[in-house]
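Colleague: The numbers in full-length UniProt numbering rise by one with no breaks, and the one at position 39 of the sequence shown is 39. C-beta: ideal position from N, C-alpha, C; glycine also. Quantities reported herein were computed from a predicted structural model and do not represent experimental measurements. Here you go, one structure.
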Amino acid sequence: MATKKSHGRSHGFKHKSRSVMKKKAPRGVSFLLREYQEGQQALVIIDPRQHKGLPHRRYHGKVGVITSVGRRAITLDVKLGEKSKTLITRLDHIKPFGV
């Protein structure tokens, strides 16, 4: 015996990520001018304007330690529960912790 779904079609990923993906203010280019060093802490903040290098929404608001710096992307080690996850993301989606 099948039960009827209580919610519509979009009560999944779209519903859960809607608050994270809101555009709040226009973004300048100052984030591209920031220089990061290995061992520095960075905050993962998802920017909906750039879809390339977008981290999963579970990492939004997490703090990680930078392990390597590339031209366009940065590798972070983020603690998720008891595990440490490696996150490769673009400069658009991170900012220095404490700034």
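Starting from the N-terminal side, write out each stretch of the beta strand (DSSP E) that is 3 residues or longer and does not extend beyond the stretch 49–90.
Modeller: Listed in chain order, they are 63–69, 73–80, 83–90.
Colleague: With distances taken Cα to Cα, identify the nearest neighbour of Arg-57 among Ile-46, Thr-67, Gly-70.
Modeller: Measuring from the Cα of Arg-57, the nearest candidate turns out to be Ile-46.
Colleague: For Gln-40, collect the residues of the same chain with a Cβ closer than 6 Å to its Cβ; drop the 5 residues on either side in sequence, then sort them by chain order.
Modeller: Same-chain partners within the cutoff: Ile-66.
Colleague: Since Gln-41 sits in a beta bridge, which residues does DSSP pair it with?
Modeller: Beta-bridge pairing links Gln-41 to Val-65.
Colleague: What residues in its chain sit with their C-beta under 7 Å from that of Asp-77, if we drop five residues either side in the sequence?
Modeller: Closer than 7 Å at Cβ, skipping near neighbours: Gly-64, Val-65, Thr-67, Ser-84, Thr-86.
Colleague: Within the continuous alpha helix (DSSP H) that includes residue 101, where are the two ends?
Modeller: Since the displayed the chain opens at 1 and closes at 99, residue 101 lies outside it and no answer follows.
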